[in-house]
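K.L.:
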Amino acid sequence: MLDMIRKKLPRSEAPYHLIVPSLVGYAFSSKPPVHKDFRIEDGARILDIFMDNLGFSSGYVVHGGDLGSDTARVMGAKHASCKAVHINFCYMAEPSGMEPLELDDVDRIGLERGRKFVSVGNAYAKEHATRPSTVGIAVSTNPLSLLAWIGEKYLEWSEKDPDLDTILETVTLYWLTQTLPSSLYHYRQLFEPDSIGSHANPEWYIKKPLGFSSFLHEIAPTPASWVRTTGNLVFYRRHDKGGHFAALEQPELLWNDIEAFVQQLVRTAIFQKPEQSLCVNVDA
Numbered sequence: 002m003l004d005m006i007r008k009k010l011p012r013s014e015a016p017y018h019l020i021v022p023s024l025v026g027y028a029f030s031s032k033p034p035v036h037k038d039f040r041i042e043d044g045a046r047i048l049d050i051f052m053d054n055l056g057f058s059s060g061y062v063v064h065g066g067d068l069g070s071d072t073a074r075v076m077g078a079k080h081a082s083c084k085a086v087h088i089n090f091c092y093m094a095e096p097s098g099m100e101p102l103e104l105d106d107v108d109r110i111g112l113e114r115g116r117k118f119v120s121v122g123n124a125y126a127k128e129h130a131t132r133p134s135t136v137g138i139a140v141s142t143n144p145l146s147l148l149a150w151i152g153e154k155y156l157e158w159s160e161k162d163p164d165l166d167t168i169l170e171t172v173t174l175y176w177l178t179q180t181l182p183s184s185l186y187h188y189r190q191l192f193e194p195d196s197i198g199s200h201a202n203p204e205w206y207i208k209k210p211l212g213f214s215s216f217l218h219e220i221a222p223t224p225a226s227w228v229r230t231t232g233n234l235v236f237y238r239r240h241d242k243g244g245h246f247a248a249l250e251q252p253e254l255l256w257n258d259i260e261a262f263v264q265q266l267v268r269t270a271i272f273q274k275p276e277q278s279l280c281v282n283v284d285a
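Shown next as structure tokens:
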């Protein structure tokens, strides 16, 4: 998506400051401490401090997908400088009190795909959560193992298979930074006993403006009526294409949604001028 934005918005014409940090433990960010537990709340706190130190304590907008959506949610729920949140992933169980009439055929098909994913597709996540060090070391010590572990996600979770160079770029980044083991630690919190997940957690309900983009071939799509129970949903778009890696698969659609969301905030005076707004992408 960033390559597209660079072409679409030359630096001299860009109305936004775009900050694209790696999540803690991923790629170019430091690894989490090994002497104490490090949770999603800690990662969100660090990124909020990071934004404040860059000079954006007066306000910023955060976007996230996959594990980045968890971090983005906590930033919006817990930190005053974060003025709004946009996500394209909101994995959660069915909220209580939902009526079947609130779902259409697309929702029902998506939920069935999500149930299939939980049944046969998320063993990797449970392995990440329960034995992160073991699987991290086993996978990251051999480039072929790393390629197999990461490559299958690209092939199964995308609407169309990415080209080989794209997959190899990601694998190479993990290989050169040796961050696969530390990147898996985020999963521990999501699979704790009696965990209700991050998006369904009432402590992380987003009272600020929340935007959500849904892509048809997402591995576990979430109906808008469900997302609405997790925050002040003021922006929603559903697309008839794209999979889990929306920023890679459908960068223009996702970016157009983010821009439209930010412009809506400007019109409602969340931000006084477009150039004051900031979009932070914390995709995992």
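Numbering (this note's numbering), first residue to last: 2 to 285. Where a beta carbon is used, it is the ideal one built from N, C-alpha and C, also for glycine. Values in this document were obtained by computation on a predicted structure and should not be read as measured data.
(1) Apply the 10 Å Cβ neighbour rule to residue 268 and answer buried if 16 or more other Cβ atoms are within range, or exposed otherwise.
(2) Between residue 21 and residue 45, how many whole angstroms is the CB-CB distance? I'm expecting something under 8 Å.
(3) Compare the C-alpha of residue 203 against each of 251, 6 and 96 and name the closest.
(4) Starting from residue 233, follow the beta strand (DSSP E) in both directions and report where the run begins and ends.
(5) Among 221, 6 and 252, which has the Cα closest to the Cα of residue 118?
(6) Using 10 angstroms around the beta-carbon of residue 214, count the other beta-carbons present and answer buried if the total reaches 16, otherwise exposed.
(7) Quick test of your reading: residue 226 and residue 93, contact by CB under 8 Å. State the CB separation rounded to the nearest angstrom.
(8) Specify the secondary structure class of residue 215 as computed by DSSP and reduced to three states.
(9) Among 47, 62, 142 and 252, which has the Cα closest to the Cα of residue 6?
(10) Residue 243 to residue 254, Cα distance in whole Å?
(11) Name the one or two DSSP bridge partners that residue 85 has.
(12) Would you mind stating whether residue 141 and residue 190 have Cβ atoms separated by less than 8 Å?
(13) Quick one: is the Cβ of residue 109 within less than 7 Å of any heavy atom of the ligand HEM?
(14) Secondary structure at residue 194, three-state DSSP: helix, strand or coil?
(15) Could you check if residue 56 is buried or exposed, using at least 16 other CB atoms within 10 Å of its CB as the buried criterion?
(16) Do residue 24 and residue 69 have their C-beta atoms closer together than 8 Å?
(17) Could you pull the start and end residues of the beta strand (DSSP E) that residue 10 belongs to?
(18) Rank 223, 32 and 256 by C-alpha distance to the C-alpha of residue 186 and give the top, closest one.
(19) What does a CB cutoff of less than 6 Å around residue 39 pick up in its chain, not counting 5 residues either side in sequence?
(20) Can you name the residues that DSSP bridges to residue 187?
(21) Any idea what DSSP makes of residue 210, helix, strand or coil?
P.N.:
Reading from the atomic positions:
(1) Exposed, because fewer than 16 other Cβ atoms sit within 10 Å of the Cβ of residue 268.
(2) With a Cβ gap of about 16 Å, residue 21 and residue 45 do not count as contacting.
(3) Ranking 251, 6 and 96 by CA distance to the CA of residue 203 puts 96 first.
(4) Taken as a continuous stretch (DSSP letters only), the beta strand (DSSP E) holding residue 233 covers 232-240.
(5) Sorting 221, 6 and 252 by C-alpha distance to the C-alpha of residue 118 places 221 at the top.
(6) Under this definition residue 214 is a buried residue.
(7) Contact between residue 226 and residue 93 is absent: CB atoms are separated by about 12 Å, not below the 8 Å threshold.
(8) In the structure shown, residue 215 falls within a strand segment according to DSSP collapsed to helix, strand and coil.
(9) Minimum Cα distance to residue 6 is reached at 252.
(10) Those two C-alpha atoms are separated by around 9 Å.
(11) The partner list for residue 85 (beta bridge, DSSP) reads 62.
(12) Cβ atoms of residue 141 and residue 190: not closer than 8 Å.
(13) The ligand HEM is not part of this structure, which contains no ligands at all.
(14) Three-state DSSP puts residue 194 in coil, outside helix and strand.
(15) Answer is exposed; the Cβ neighbour count stays below 16.
(16) Residue 24 is a Cβ neighbour of residue 69, given a cutoff of 8 Å.
(17) For residue 10, there is no enclosing beta strand (DSSP E), as DSSP gives it neither H nor E.
(18) 32 is the residue among 223, 32 and 256 whose C-alpha sits nearest the C-alpha of residue 186.
(19) Excluding residues within five positions, the ones whose Cβ falls inside 6 Å are 33.
(20) Paired residues: none, contrary to the question.
(21) Strand, per DSSP.
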